Amino acid sequence: MLVLAIDTATPEVVTGIVELTPETGDAPTVRAARHEVTTRGHAEILTTRILECLDEAGLARADLDAVVVGQGPGPFTGLRVGLATGAAFGDALGLPVHGVCSLDAIAAQATDVASLLVVTDARRREVYWARYAEGVRTHGPDVVAPAELGTSLVGQSIDAIVGSPSHTSLFSYPVLTPTAPTAVGLVSVALPDLLSGVAPKPLVPLYLRRPDAVELKDRKK
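If you use the numbering used here, the sequence shown closes out at 222, no skipped numbers anywhere.
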């Protein structure tokens, strides 16, 4: 099975082609991947990077079997680019499109940690966050100021933190990688549904708050 993985929930635009075989089981193999940091260029580069991954892997679009896309949380504009692109590929090629929490995809790459905190940039001096115990999300996703999050975690046992470097540094926990979702992380979260062939649920973006840009009539309300 060949899976296209996409995430635009963070400033790091992530694309990749991941292969699942009976031999690899729950250890997906990356055939090609691209990671590029951009704050506002998601729409301009995403499709190009997907095509680069297909070329590097020696594949055509018709060779793909499924799409996995990060649903956030993330800023409105960047996040919807990834979701729209993933949905477009699925619709054009007749492929199932599975949405996953982008914070789960980051956590999936931080193995052997009993208690993990994931934080990413939510702008407005806030962070998106989620907490995990033995690889299972127990709190979040949510959005909050770092100081408020730190206060709420006082006295709680957290073994490590992972995510945006400028925000993980605000907490006194050991820092792990990766800093953003990866192709393998995205596919790992969706792996049970991919292998079982279950029909994907509708893609629902995790904005967690209203977009910065609203229509004038909404501002008046």
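Virtual Cβ for every residue (Gly too), placed ideally from N, Cα, C.
Note that the structure is predicted; figures quoted are calculated from it, not measured.
For residue i, three-class secondary structure by DSSP
i           : result
residue 149 : helix
residue 229 : There is simply no residue 229 to check, as the chain begins at 2 and stops at 222 in what is shown.
residue 111 : coil
residue 159 : coil
residue 15  : strand
residue 83  : helix
residue 141 : strand
residue 116 : strand
residue 188 : helix
residue 124 : strand
residue 135 : coil
residue 67  : strand
residue 73  : coil
residue 104 : helix
residue 89  : helix
residue 6   : strand
residue 47  : helix
residue 55  : helix
residue 94  : helix
Cβ-based burial, residue i [other Cβ within 10 Å; buried from 16]
i           : result
residue 205 : exposed
residue 15  : buried
residue 162 : buried
residue 183 : buried
residue 4   : buried
residue 63  : exposed
residue 203 : exposed
residue 170 : exposed
residue 127 : buried
Integer Cβ distance of residue i from residue j, believed to fall under 8 Å
i           : j           : result
residue 164 : residue 180 : 6 Å
residue 131 : residue 142 : 5 Å
residue 83  : residue 160 : Incorrect: roughly 30 Å between the Cβ atoms, too far for contact.
residue 41  : residue 18  : Incorrect: roughly 26 Å between the Cβ atoms, too far for contact.
residue 65  : residue 96  : 6 Å
residue 80  : residue 10  : 5 Å
Assess contact between the stretch 101–112 and the stretch 61–80, defined as three or more Cβ pairs (one per stretch) separated by less than 8 Å. Is contact present? yes
Is the number of C-beta pairs between the stretch 112–130 and the stretch 49–64 that are closer than 8 Å three or more? no
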